[in-house]
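2 protein chains.
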Amino acid sequence: MRKNNFSEFDLIRRFRKQISTDASVFKGSGDDCAVLRFDKKHYQLFTCDMLVEGVDFTKRTDLRLVGRKALAVSISDIASCAGLPRHAVVSLGLPRWISLKQVDRLSGGLFSLAKEHAINIVGGDISRSDKLVIDVSMLGIVEKNKLCLREGAKDNDFIFVTGPLGGSIRGKHLKFTPRVKEARFLAAHAKINSMIDISDGLTQDLGHILKASAKGALLYEECIPLSKESRGISDALYAGEDFELLFTLSPFEAMKIIHSKEFHFRQIGQITKKKGLKLVKKNSRIVSLKAGGYDHFR
Amino acid sequence: MRKNNFSEFDLIRRFRKQISTDASVFKGSGDDCAVLRFDKKHYQLFTCDMLVEGVDFTKRTDLRLVGRKALAVSISDIASCAGLPRHAVVSLGLPRWISLKQVDRLSGGLFSLAKEHAINIVGGDISRSDKLVIDVSMLGIVEKNKLCLREGAKDNDFIFVTGPLGGSIRGKHLKFTPRVKEARFLAAHAKINSMIDISDGLTQDLGHILKASAKGALLYEECIPLSKESRGISDALYAGEDFELLFTLSPFEAMKIIHSKEFHFRQIGQITKKKGLKLVKKNSRIVSLKAGGYDHFR
Chain A
7 MRKNNFSEFD
17 LIRRFRKQIS
27 TDASVFKGSG
37 DDCAVLRFDK
47 KHYQLFTCDM
57 LVEGVDFTKR
67 TDLRLVGRKA
77 LAVSISDIAS
87 CAGLPRHAVV
97 SLGLPRWISL
107 KQVDRLSGGL
117 FSLAKEHAIN
127 IVGGDISRSD
137 KLVIDVSMLG
147 IVEKNKLCLR
157 EGAKDNDFIF
167 VTGPLGGSIR
177 GKHLKFTPRV
187 KEARFLAAHA
197 KINSMIDISD
207 GLTQDLGHIL
217 KASAKGALLY
227 EECIPLSKES
237 RGISDALYAG
247 EDFELLFTLS
257 PFEAMKIIHS
267 KEFHFRQIGQ
277 ITKKKGLKLV
287 KKNSRIVSLK
297 AGGYDHFR
Chain B
7 MRKNNFSEFD
17 LIRRFRKQIS
27 TDASVFKGSG
37 DDCAVLRFDK
47 KHYQLFTCDM
57 LVEGVDFTKR
67 TDLRLVGRKA
77 LAVSISDIAS
87 CAGLPRHAVV
97 SLGLPRWISL
107 KQVDRLSGGL
117 FSLAKEHAIN
127 IVGGDISRSD
137 KLVIDVSMLG
147 IVEKNKLCLR
157 EGAKDNDFIF
167 VTGPLGGSIR
177 GKHLKFTPRV
187 KEARFLAAHA
197 KINSMIDISD
207 GLTQDLGHIL
217 KASAKGALLY
227 EECIPLSKES
237 RGISDALYAG
247 EDFELLFTLS
257 PFEAMKIIHS
267 KEFHFRQIGQ
277 ITKKKGLKLV
287 KKNSRIVSLK
297 AGGYDHFR
């Protein structure tokens, strides 16, 4: 009985048309986080992410990893904006099959990642539910001059990623490290023009940057780092939930971060004035890429 | 296959033991909202509430009312702390049976209540789910000198409610008005010692105030206002989701609000030094009340 043939992005567009915001909102729906005015030097970041049993994990997934991931995806959203995560609330829908021991595993995974990042868990809500549901809402903080958004990519910007891509399907999506340190390093050492985390897949998320910035891009197959769990370039291009950061900055600024001893940022392409997304293959042929990827709703 | 015989409150206690917070948190988990340090004169309030199909509403409930309620319960949490709601994010788990028209009803109910309260909807997340799930996280703001919490009830405080009780089961829980205006009026005109919204039932929620304040209370059956949908005093005492505010203040302060022409606050009892909750019945007999009410999790 499938009535809906609309996508996640259709709905988001539809909702955004009905929403207006006041001057307290610097940037509302449409980026990884909402950006709210906070004080003279900082913005506050606000984001939420929901995980659902049967969609994002199965009954057999280790609940410690599920709890960890529930927090990690929101941390990754804050990192995309170059912010620091600070506070979170957690809503739980708990099914009847869950035991106290399993709840402890779930909360243990979440609390220990919170501790690693010095995030304050300040509240929550517990409800009965047929399937296990976890929704985390998170607040973060970012210096005004360090804020990164999807929009802002410039002609000839170099495109970078923070790590190898394509491992999510083999379990990396449950164990990834949100790239907060990398994001804070980048924002401190260079002027980043645009940034996003790869949650829907490289082409889809690069597509979000290109759309928000009204640009095109050229990717080099040879330069795209594949994780050892990846089954090839198409995993890296289309599979979601890598949670590496994808960012662009001018060639001049790139020189400031490319030789970092602490981090290994890999250049994978360049922003073009001409719209569209193209891939230079290993055999030097150039092909057009469609901005496909994972739709969390379909 | 019911493995769990633990309650919502058992779990909350269990979680709170594992959580520590830093100096940015004035009051963490355990009240209607988390209270975060914001600026010299204000605290920020942060809360979340999840509604689940089959638990909080059925497939046949008008989705406009479901969307409205999803926002209203969080507004009510902010009102309990005497704050103003400001920003919200919305996570949706959408089942396959839902049509675009139904999504529009859901979002319509939510957006129109947001507009009434000048709340900025600044983001969200959409996921696939077997049952419809809506989780709203909300930020609010409150002047430091107006903040109300559950703790703080004093000996001999008068106990008030903002309106009649006991109508939730006949549908009021879907149509209630969050008492923001009342809360703001109260905080502006008197020193409120403790406040909570009635979401679990009068005895349960008064029990939360008494526990947090280490006090007891005496209620007068004759004074408890029943809504016209109520089936009697036990609806008023034990049924959840009235969403009226329950507050206490000194007899001297009560004089400042009792003759308000704008609002009709009803005194229903008094705080006692001696612990325990007692009811003076219409026949003048005094009975002990157990702090029972609705457990959203069982």
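As given, the protein sequences belong to chains A and B, one line each in that order. The numbering of the first sequence is this note's numbering, which starts it at 7 and goes up by one. The numbering of the second sequence is this note's numbering, which starts it at 7 and goes up by one. Where a beta carbon is used, it is the ideal one built from N, C-alpha and C, also for glycine.
Residues bridged to residue i by DSSP?
i, result
"E149(A)", "H48(A)"
"F253(A)", "F166(A), M201(A)"
"L224(B)", "Q276(B), K284(B)"
"P91(A)", "G146(A)"
"T53(A)", "M144(A)"
"V41(B)", "K33(B), L51(B)"
"R176(A)", "DSSP, once it has assigned bridges, lists no residue as partnering R176(A)."
"G130(A)", "V96(A)"
"V293(B)", "L285(B)"
Spatial neighbours of residue i within its chain, please: CB distance less than 7 Å, with the 5 preceding and 5 following residues excluded, ordered by chain position.
i, result
"G282(B)", "G222, S294"
"I277(A)", "A159, K160, D161, N162, D163, I165, K221, A223, T254"
"L6(A)", "Outside the displayed span of chain A (7 to 304) sits residue 6(A), for which this structure offers no information."
"A218(B)", "R156, E157"
"G36(B)", "R22"
Relative to the C-alpha of residue i, which candidate in the options has its C-alpha closest?
i, options, result
"E228(B)", "R185(B), L192(B), T209(B), G275(B)", "G275(B)"
"Y244(B)", "S174(B), H123(B), I292(B), K234(B)", "S174(B)"
"T27(A)", "A124(B), R20(B), K46(B)", "A124(B)"
"I140(A)", "I132(B), L145(B), G146(B)", "I132(B)"
"L216(B)", "G246(B), G172(B), R156(B)", "R156(B)"
"G177(B)", "K23(B), K75(B), I202(B)", "K75(B)"
"G89(B)", "S266(B), D163(B), L42(B), M261(B)", "L42(B)"
"K234(A)", "I202(A), H270(A), L171(A)", "L171(A)"
"V128(B)", "S13(A), D241(A), V31(A)", "V31(A)"
"R102(B)", "A78(A), E14(A), N126(A)", "E14(A)"
"L145(A)", "S266(A), A193(A), L51(A)", "L51(A)"
"H48(A)", "K152(A), D241(A), A193(A), I198(A)", "K152(A)"
"P91(A)", "K187(A), R19(A), K262(A)", "K187(A)"
"P184(B)", "S105(B), D83(B), L17(B), S236(B)", "D83(B)"
"K288(B)", "M261(B), I264(B), E259(B), I239(B)", "I239(B)"
"C87(B)", "K137(B), K284(B), D110(B), V148(B)", "V148(B)"
"S200(A)", "D38(A), L232(A), I230(A), A242(A)", "D38(A)"
"S266(A)", "D241(A), F191(A), D206(A)", "F191(A)"
Check residue i in the structure and name its three-state DSSP category.
i, result
"I263(A)", "coil"
"E59(A)", "strand"
"K33(A)", "strand"
"I230(B)", "coil"
"G238(B)", "coil"
"I18(B)", "helix"
"I25(A)", "coil"
"L4(B)", "This structure cannot speak to residue 4(B), because chain B is shown only from 7 to 304."
"M7(A)", "With a pLDDT of only 44 at M7(A), under 50, the local geometry of the prediction cannot be trusted, and the value read off the model is given with reservation. Residue state, collapsed to three classes: coil."
"S113(B)", "helix"
"I84(A)", "helix"
"L69(A)", "helix"
"L208(A)", "helix"
For residue i, count neighbouring Cβ atoms within 10 angstroms of its own Cβ and tell me buried if that reaches 16, exposed if not.
i, result
"N11(B)", "exposed"
"P257(A)", "exposed"
"A85(B)", "buried"
"S290(A)", "exposed"
"G169(B)", "buried"
"H328(B)", "Past the edges of chain B, shown from 7 to 304, lies residue 328(B), and the structure says nothing about it."
"H214(A)", "buried"
"I81(B)", "buried"
"S66(A)", "Checking the sequence, you will find Arg at residue 66(A) rather than Ser. Exposed, since its Cβ has fewer than 16 Cβ neighbours within 10 Å."
"T64(A)", "exposed"
"M7(B)", "A caution first: M7(B) carries a pLDDT of 44, below 50, which makes its placement in the model unreliable, though a value can still be read off. Exposed is the call here."
"K296(A)", "exposed"
Within its chain, find whatever has a CB closer than 6 Å to the CB of residue i; leave out the 5 residues flanking it on each side and keep chain order.
i, result
"Q108(A)", "L69"
"H204(A)", "The question names His, but residue 204(A) is Ile in the sequence shown. For I204(A), where only same-chain residues beyond five positions count, the Cβ hits under 6 Å are D211, D248, E250, L252."
"D62(A)", "none"
"A338(A)", "The structure shown does not extend to residue 338(A), since chain A is modelled only from 7 through 304, so no value can be given for it."
"S143(A)", "C54, V95"
"V286(A)", "Y226, I292"
"K279(B)", "D161"
"A193(B)", "A88, K152"
"E259(B)", "A196, K197"
Can you find the residues in the same chain that come closer than 8 Å, C-beta to C-beta, to residue i, ignoring five residues on each side of it along the sequence?
i, result
"A120(A)", "L77, A94, N126, I127"
"R111(A)", "D68, L69, R70, G73"
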